[in-house]
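Undergrad: Attaching a single structure in C-alpha cells format; questions to follow.
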Amino acid sequence: MPKKKILILGSTGMLGHVLYSVLQKESNIELYDIAYRTKLTNKTIICDVLDIEVLEKEIVEISPDVIINCVGILLKNSKINPANTIFINSYLPNKLKDIADKINARVIQISTDCVFNGKKGLYSEKDLPNAKDLYGRSKMLGELINERDLTIRTSIIGPELKKEGQGLFNWYLNQNLKIYGYSNVFWGGVTTITLSKSILYCIGNPRITGLKHLTNGIKISKYDLLCLFLKFFPKKNLIIEKIEVENSDKSLWSENLNEIIKVPSYIEMIEEMKTFINT
C-alpha cells in the first residue's frame with residue numbers, strides 16, 4: 018500500500034513542530050514540510066507563503082494527499098499588520114483549497130475559538146461566529162467548510178521553538194515571581210500533542226470533513242490552567258494570584274467529534290505534554 022504524502026505548512030510554529038514530531042513516527046506517511054525562515058530538518062523547504070506563485074509551485078511539485086495548514090497570524094500581530102493578517106488567515110486557506118482541488122488533495126485547516134466573542138461559552142459548531150475584532154473575523158473567513166476538507170476549531174497550548182513565542186505556556190515559563198490568573202476567563206482547548214494526534218486520526222479517516230470543534234467539552238479558568246502548569250512545571254518562587262477581569266468564556270462544545278475522538282482531561286493532557294518535552 019503506497020504511503021500517504023502529507024505536507025505541513027508552518028512546521029516551526031507552536032503546532033507545526035509538534036505535529037511533525039507526531040507524524041514522522043508513522044510508517045505509512047511520507048512527510049514534507051514548509052517553513053518561513055528556519056529549517057526544522059535538513060529536508061524542510063523554505064518558502065514565504067506571501068509568495069503564492071512560489072508556494073503553489075512547491076505544493077504542486079510535492080503533490081501531497083493532505084495539506085495541513087499550521088500557518089497563521091496571531092492576535093497580537095494582527096493589530097500590527099492587518100493586511101498580512103487578512104492575507105494569511107483568510108485568503109491563504111481558500112487559495113490552498115484551490116491548489117488542492119487541482120491536485121486532488123485535501124486541506125486540514127486549523128481555526129480558533131476566537132471566532133466567538135466569549136459572551137456565552139460552550140459554543141458548538143451550530144453557533145454563528147460573532148467576533149468583532151480583525152483576528153477573529155480573519156480566522157472565520159479562512160474556515161473551509163465543505164464535504165472534502167476539514168476545519169478544526171480549537172485553542173492550543175504547548176511548547177514553542179521560539180523563545181519569544183506568544184503562547185500562554187511559553188509566557189508562563191518566562192515568569193519568575195508573581196503572576197495573575199483570571200478566575201472568570203474560561204478556556205476549552207487542547208495541547209498541541211492532543212491536536213496533533215487528532216489530526217493524525219483525521220488523516221486516516223477522510224470522511225471526517227467540514228467544521229469540527231476539538232475539545233473535551235469541559236471549561237477551565239485561566240487561573241486553574243496556570244495552577245496546572247505550576248503543578249507539572251514547578252517554579253520555586255512563582256506565586257499565582259487569582260483575580261477577576263471582564264468575563265470571557267470562549268469554551269467549545271462539539272456536536273459529534275467528541276463521540277469519535279476522545280479528548281483527555283486537562284491534567285492528562287498537560288502530564289502528556291511534560292513527558293513530550295522531557296523526551
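Note that my numbering has the sequence shown beginning at 18, numbered continuously upward.
Backbone N, C-alpha and C fix where the C-beta goes; we use that ideal spot for every residue, glycine too.
1) Leaving out five residues on either side along the sequence, give the residues of the same chain with a beta carbon under 7 Å from the beta carbon of residue 214.
2) Is it right to say residue 267 is buried, meaning 16 or more other beta carbons lie within 10 angstroms of its own, or is it exposed?
3) Going by DSSP, what residue range makes up the beta strand (DSSP E) through residue 52?
4) Nearest-angstrom Cα distance between residue 240 and residue 137?
5) Find the nearest neighbour of residue 306 within the set 162, 258, 66, 280, judged by alpha-carbon distance.
6) Which same chain residues end up closer than 7 Å to residue 202 when comparing Cβ atoms and leaving out the 5 residues on each side of it in sequence?
7) Would you identify the three-state DSSP class for residue 174, choosing helix, strand or coil?
8) Please report the straight-line C-alpha distance between residue 78 and residue 84, rounded to a whole angstrom.
9) What span of residues does the beta strand (DSSP E) with residue 203 cover, start to end?
10) Can you tell me which of the three DSSP states residue 101 falls into?
11) Could you compute how far the alpha carbon of residue 104 sits from the alpha carbon of residue 67?
12) Can you tell me the Cα-Cα spacing of residue 175 and residue 22, whole angstroms?
13) Just confirm the distance between the C-beta atoms of residue 225 and residue 167, as a whole number of angstroms; I'd bet it's less than 8 Å.
14) Would you tell me roughly how many angstroms separate the C-alpha atoms of residue 284 and residue 182, rounded to the nearest one?
15) So, are the CB atoms of residue 156 and residue 131 less than 8 Å apart?
16) State the DSSP-derived secondary structure class of residue 194, mapped to helix, strand or coil.
17) Would you grab the beta carbon distance between residue 172 and residue 129 for me? Rounded to a whole angstrom, and I think it's under 8 Å.
18) Around the Cβ of residue 54, are there at least 16 other Cβ atoms within 10 angstroms (buried) or fewer (exposed)?
19) Do you know how far the Cα of residue 30 is from the Cα of residue 64?
20) Considering only residues of the stretch 214 to 253, which uninterrupted beta strand (DSSP E) runs meet the minimum length of 3 residues and lie entirely inside it, listed in chain order?
21) Within the same chain, show all residues whose beta-carbon is closer than 8 Å to that of residue 102, passing over the 5 residues directly before and after it, in chain order.
22) Quick one: grab the DSSP three-state call for residue 120.
23) Roughly how many angstroms separate the alpha carbons of residue 193 and residue 185, rounded to a whole number?
24) Is residue 292 helix, strand or coil by DSSP?
TA: The relevant details are as follows:
1) The sequence position of residue 214 within the sequence shown is 197, counting from 1. Answer for residue 214: 39, listed in chain order.
2) Within the sequence shown, numbered from 1, the residue matching residue 267 stands at position 250. With 16 or more Cβ atoms within 10 Å of its Cβ, residue 267 is classed as buried.
3) Along the sequence shown, read from residue 1 onward, the residue named residue 52 stands at position 35. Counting along the chain, the beta strand (DSSP E) containing residue 52 begins and ends at 46 to 52.
4) Position 223 of the sequence shown, counting from 1, holds the residue named residue 240. Position 120 of the sequence shown, counting from 1, holds the residue named residue 137. Those two C-alpha atoms are separated by around 19 Å.
5) It is not possible to answer for residue 306, since the shown part of the chain is limited to 18 through 296.
6) Position 185 of the sequence shown, counted from the first residue, corresponds to residue 202. Excluding positions up to five away in sequence, the list reads 238, 239, 262, 265.
7) Here residue 174 refers to the residue found at position 157 when the sequence shown is read from its first residue. Correct three-state label for residue 174: strand.
8) What you label residue 78 is simply residue 61 of the sequence shown in a count that begins at 1. What you label residue 84 is simply residue 67 of the sequence shown in a count that begins at 1. Rounded to the nearest angstrom, the two C-alpha atoms are 13 Å apart.
9) The count along the sequence shown starts at 1 and reaches residue 203 at position 186. From DSSP, the beta strand (DSSP E) with residue 203 extends over 202 to 204.
10) The sequence position of residue 101 within the sequence shown is 84, counting from 1. The answer is helix: DSSP assigns residue 101 an H, G or I state.
11) Within the sequence shown, the letter at position 87 stands for residue 104. Within the sequence shown, the letter at position 50 stands for residue 67. Approximately 8 Å, taken between the alpha carbons.
12) Position 158 of the sequence shown, counted from the start, is the residue given in the question as residue 175. Position 5 of the sequence shown, counted from the start, is the residue given in the question as residue 22. Their Cα atoms are separated by approximately 26 Å.
13) Here residue 225 refers to the residue found at position 208 of the sequence shown. Here residue 167 refers to the residue found at position 150 of the sequence shown. Sure, about 6 Å apart at Cβ, within 8 Å.
14) Mapped onto the sequence shown, residue 284 falls at position 267. Mapped onto the sequence shown, residue 182 falls at position 165. Each residue's Cα considered, the two are about 23 Å apart.
15) For the purposes of this step, residue 156 is taken as residue 139 along the sequence shown, with counting starting at 1. For the purposes of this step, residue 131 is taken as residue 114 along the sequence shown, with counting starting at 1. Closer than 8 Å, so yes.
16) Translated into the one-based positions of the sequence shown, residue 194 becomes position 177. Residue state for residue 194 is assigned as coil, using DSSP reduced to three classes.
17) Sequence index remark: in the sequence shown, residue 172 carries index 155 (1-based). Sequence index remark: in the sequence shown, residue 129 carries index 112 (1-based). Contact holds; Cβ gap of about 6 Å.
18) By 1-based counting over the sequence shown, the position of residue 54 is 37. Taking all protein chains shown into account, residue 54 has fewer than 16 neighbouring C-beta atoms within 10 Å of its C-beta and is therefore exposed.
19) For the purposes of this step, residue 64 is identified with residue 47 of the sequence shown, where counting begins at 1. For the purposes of this step, residue 30 is identified with residue 13 of the sequence shown, where counting begins at 1. Spanning the two alpha carbons is a distance of roughly 14 Å.
20) For the stretch 214 to 253, whole beta strand (DSSP E) runs of length 3 or above, ordered along the chain, are 227 to 230.
21) By 1-based counting over the sequence shown, the position of residue 102 is 85. Excluding the 5 residues flanking it on each side, residue 102 has same chain C-beta neighbours closer than 8 Å at 90, 94, 95, 151, 152, 155, in chain order.
22) The residue labelled residue 120 in the question sits at position 103 within the sequence shown. Residue 120 sits in coil when the DSSP states are folded into three classes, being neither helix nor strand.
23) As a working note, residue 193 is residue 176 in the sequence shown. As a working note, residue 185 is residue 168 in the sequence shown. Roughly 14 Å between the two C-alpha positions.
24) Along the sequence shown, one-based indexing puts residue 292 at 275. DSSP places residue 292 in helix when its eight states are reduced to three.
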